[in-house]
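Following the UniProt record's numbering, the residues of the sequence shown are numbered contiguously, the last one being 529. All residues carry an ideal CB built from backbone N, CA and C; glycine is no exception.
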Amino acid sequence: MSPEDPTPPTHPGRRSGGARVLRGTIRDNRRALTAATGLLSVHQLCEVAVPVLIGVTVDRALAHADGASLLRWLSVLALVFLTLTIAYRYGARKAMAAAQGEAHRLRMRCARVIIDATPLTRPGLRDGEMLSIANSDADETGNLLRYVPQAGSAVVALIACAAVLIGIDVTLGVIVLVAVPLVLSVVQLLGPFTTRLIGAQQHHIGRSTALATDLVAGMRPLRGIGALQVASQRYREVNDQTRLAMRRSAIGHGAFFGAATGVTGLIAVGVASVAGWFALSDRIGVGALITILGVAQFLTEPLAITAMLPGRVATARASAERIAALTEGAAPVGTASDPTHDHLSFTPRPGECVAVVAPDSSAARAFAAGMRAGPDVLVEPHAADLFTGTIWSNLVVDPDGAPPRDDLVTLLESLGSLDILDGLGAGGDALDAPVSDRGLSLSGGQRQRLALARALVRDPGSLVLHDPTTAVDAMTESVIAEAVYRHRHHRDTGARIGRSTTIITTSPAWLAVADRVIVLPTTSAEAAS
């Protein structure tokens, strides 16, 4: 999809993936949701009991000027307030903990897919878009768990309100019992429309994030070729599309929630109006009127919660679809295959250094992906990343099992990295030299050599390198190739017996040091022949 394409992609059958994500979040948190729903239901029942107790107090204490009865009913009312406060506090805490915990689990699930993805299993999403899904979409999906207990307790409150009103007058209870399903059925029709709006909004946010990530990463080359203004204009266009999508989503949200709130308010006003007419015609007493007015006022809260639930589900559903696109759109590592390159996988013999010549970059990436099997296999990609810190922190993954600092300096020197160490200190002190974000304080060749040294420090049983020295000159490349071979396969360097090294390259320097050279066929038809 081109950066200028303003329309979100459609994925047939993907909606069931979003539904599976939502069902999974509810199923995995069913105990916490049950407890939260129970506590919030107690809170709502106490809220319903407040106007009932006020009406009873008026009829039984104030109407008869009974001071003892007044104190007794006020004590009961205070106990109800204490109960509803405690129930809400712990119920809301459980619901929020479930939402935050599930958002974190979804984020870790997305991160696992992103980290474990290979060129063959990687989902067809840009880096910034995957970052957006792992953050905002995970939060939106997890937030549904906050609203599920609220919706359940709201239904309990509506039933309690209907029961109270039926106890006073059947007509009032019937109004509530008929109006609530009618409101829910109407707002339910708006759910798919809201889902589409929110899905488009999240899609455009992901595109903006992805493009911003690309711009920051490519700022130096863009400035070098004079394309910074063009790239900035493209980002502004995409950002404008995102702003319009967010505005449409906000308008749709506002219309949905406004309609839901307005309809629930009309129901409450209708109940209060009928109660007033009943009081004027002496059909109900003063205490009953106070109770009905209190219940009618409270009725707007559970009605609004139940009416807004489809909108909350629509928001979570749209984000869940994007999470499914990331997590289910990538096949499990080790199971995905490309029919064109199924033959591009082999197992090197223990102790040998093999050079693999691929016909193109696609075949090279597919071959590297096919080598990702086994706990002691390290595939170092062509585009290796460095991180903010020091040379030491970029070389050493596990400080407890790190080699001596002097050995690391010797390794860097053997890889022709004196230009990195010179002027930064002598001996082990040079390893404390700072490295900026993504290693941009170093040249391309320096970044490649540090990444190669990091792979050698890991010392895996099988090491796969993909064009590890494309940014260095031919003489330095020859020095590096010989140094890697000595480090991995010469006994006098302490090399572990049985280690294998596979280099995917067309470089003569690497082909010269390899024990065996494999040339991959151009097409699968040639492989079959």
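C-alpha distance - residue i paired with residue j, whole-angstrom precision
| i | j | result |
| --- | --- | --- |
| residue 537 | Val-80 | Any question about residue 537 goes unanswered here, given that the chain covers just 1 to 529. |
| Ser-414 | Met-371 | 27 Å |
| Leu-182 | Lys-94 | 31 Å |
| Cys-161 | Met-308 | 19 Å |
| Gly-445 | Leu-412 | 13 Å |
| Gly-311 | Ala-49 | 29 Å |
| Val-42 | Leu-145 | 18 Å |
| Tyr-235 | Leu-211 | 7 Å |
| Ile-166 | Ile-205 | 49 Å |
| Gly-91 | Arg-20 | 26 Å |
| Arg-317 | Arg-30 | 18 Å |
| Phe-298 | Gln-229 | 57 Å |
| Val-517 | Ala-217 | 35 Å |
| Val-484 | Phe-346 | 21 Å |
| Ala-430 | Ser-478 | 24 Å |
| Val-379 | Pro-468 | 11 Å |
| Thr-522 | Thr-476 | 30 Å |
Beta-carbon proximity of residue i to residue j, cut-off 8 Å
| i | j | result |
| --- | --- | --- |
| Gln-202 | Arg-322 | yes |
| Val-238 | Arg-207 | yes |
| Ala-151 | Gln-44 | no |
| Thr-291 | Val-164 | yes |
| Gly-142 | Thr-25 | yes |
| Ala-320 | Gly-67 | no |
| Leu-465 | Phe-367 | no |
| Val-271 | Ile-175 | yes |
| Ala-288 | Gly-55 | yes |
| Leu-456 | His-487 | yes |
Assigned secondary structure, residue i (DSSP; H/G/I helix, E/B strand, else coil)
| i | result |
| --- | --- |
| Pro-51 | helix |
| Thr-347 | coil |
| Pro-221 | helix |
| Ala-245 | helix |
| Asp-66 | coil |
| Val-409 | helix |
| Thr-171 | helix |
| His-490 | coil |
| Glu-301 | helix |
| Gly-287 | helix |
| Thr-306 | helix |
| Ser-75 | helix |
| Pro-399 | helix |
| Met-371 | coil |
Of the residues the options, the one placed nearest residue i, counting alpha carbons only
| i | options | result |
| --- | --- | --- |
| Thr-506 | Ala-358, Gly-218, Tyr-88, Asp-59 | Ala-358 |
| Phe-387 | Val-178, Glu-380, Val-435, Ala-402 | Val-435 |
| Gly-351 | Ser-132, Asp-59, Val-238, Ser-462 | Ser-462 |
| His-104 | Ile-133, Tyr-88, Asp-515, Asp-432 | Ile-133 |
| Ile-504 | Gly-389, Arg-365, Leu-442 | Arg-365 |
| Ala-97 | Arg-72, Cys-110, Ser-153, Leu-33 | Leu-33 |
| Val-295 | Gly-285, Ala-275, Ala-430 | Ala-275 |
| Gly-173 | Ser-249, Arg-220, Ala-260, Ile-267 | Ile-267 |
| Arg-89 | Leu-39, Ser-185, Ile-114, Gly-128 | Leu-39 |
| Met-108 | Arg-126, Asp-137, Thr-83, Leu-82 | Asp-137 |
| Val-180 | Met-130, Asp-473, Ala-304 | Ala-304 |
Chain D contact for residue i (CB, 8 Å cutoff)
| i | result |
| --- | --- |
| Val-113 | Protein chains in the displayed structure number just one, and chain D is not present. |
Bridge partner(s) assigned by DSSP for residue i
| i | result |
| --- | --- |
| Pro-434 | Thr-390 |
| Cys-46 | For Cys-46, which the question treats as bridged, DSSP gives no partner whatsoever. |
| Ser-462 | Val-377, Ser-500 |
| Cys-353 | Thr-501 |
| Ile-518 | Val-356 |
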